[in-house]
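Just so you know, we're using the working numbering here: the sequence shown kicks off at 268 and counts up by one. Ideal Cβ placement from N, Cα and C applies to all residues, glycine included. All figures in this text were calculated on a predicted structure; none of them were measured in a lab.
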Amino acid sequence: MKILLGFLIASKIYALDIKPGLWEQTVNLDAASIMSLPQVQAQIKNLPKEQAQMVLSMMASQMGPRKTEECITKEMLTSPEKLIPQNKDCKIKIIKNSADQLSTSVACEGKITGTATLKRTNTESYTGDFSGKDASGKNMKITFSGAFIKSNCK
C-alpha cells in the first residue's frame, strides 16, 4: 500500500501543492476488496462453506481504516525517485499531473492493475482513490486521504 501512496503523491513535472512535513494517511479497502486478497482466500479455502462465510463476516466487521504517519519532505515532493520505493514489477504511467491533481495508471505484474487519482483539497489535505483489479480479476476499490500534522517530522 505504501508503494501505491508513494506513486500517488509523486509528480515528475509538478510538485503537488501540499506542505512538506508529517502527514497522517488513512487508507480504506472496501469489504469485497479485502475478501478477494490472495492471503485471505488462502486462509479460508479449506474451511467448510458456512465456517468460511463466518470468518469472512468477522474479518469484514473488524477491518476499518488503516492509519499511518509519513514524513513527506520538500525533496520528496519535487523528486519522485526519492519518494517512490522501487518495484521492478510495477509500471506507473502519469495520466494527469498538476499542482491540484495527480492521476496514474498502475500495473503490477501478477498483482494489481488500475487507476489512481489523488486530489489536493488544500495545502494540508488530500483525498483519492484507486480502482482496479487484483490478480484474480476481481474488482478492487481503495479510498485514501491525507491530513497534515506538523512541519517537523520528529
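Residue i and residue j closer than 8 Å at C-beta
i, j, result
"Thr293", "Phe411", "yes"
"Ser372", "Thr384", "no"
"Pro287", "Leu323", "no"
"Lys386", "Thr394", "yes"
"Asp284", "Asp367", "yes"
"Thr380", "Ala374", "yes"
Start and end residues, beta strand (DSSP E) containing residue i
i, result
"Leu296", "Gly288 to Leu296"
"Leu385", "Ile379 to Asn389"
"Asn364", "Cys357 to Asn364"
"Met407", "Asn406 to Lys417"
"Gly420", "This sequence places Cys at residue 420; Gly is not what is there. Here Cys420 belongs to no beta strand (DSSP E), and DSSP marks it neither H nor E."
"Ala374", "Gln368 to Cys375"
C-alpha gap between residue i and residue j, whole angstroms
i, j, result
"Lys312", "Met325", "16 Å"
"Met414", "Ser392", "Reading the sequence as shown, one finds Ala at residue 414 and not Met. Looking at the two C-alpha atoms, the distance is approximately 5 Å."
"Asn354", "Glu376", "10 Å"
"Leu275", "Gln318", "With a pLDDT of 48 at Leu275, under the threshold of 50, the predicted position of this residue should be treated as unreliable, and no value is reported."
"Thr340", "Ile361", "21 Å"
"Ile359", "Thr390", "25 Å"
"Ile416", "Ser365", "23 Å"
"Lys378", "Gln310", "18 Å"
"Gln320", "Gly331", "19 Å"
"Cys421", "Pro315", "Cys is not the amino acid found at residue 421; the sequence shown has Lys there. Computed Cα separation, rounded: 49 Å."
"Ser418", "Val307", "38 Å"
Contacts around residue i, its chain only, beta-carbon distance under 6 Å, and the 5 residues preceding and following it disregarded
i, result
"Ile409", "Leu296 and Phe397"
"Glu337", "Trp290 and Gln292"
"Arg333", "Val294"
"Lys363", "Ser370"
Sequence-distant residues of the same chain with beta carbon closer than 8 Å to residue i, five excluded per side
i, result
"Thr388", "Thr394"
"Gly404", "none"
N- and C-terminal bounds of the alpha helix (DSSP H) containing residue i
i, result
"Met343", "Lys341 to Thr345"
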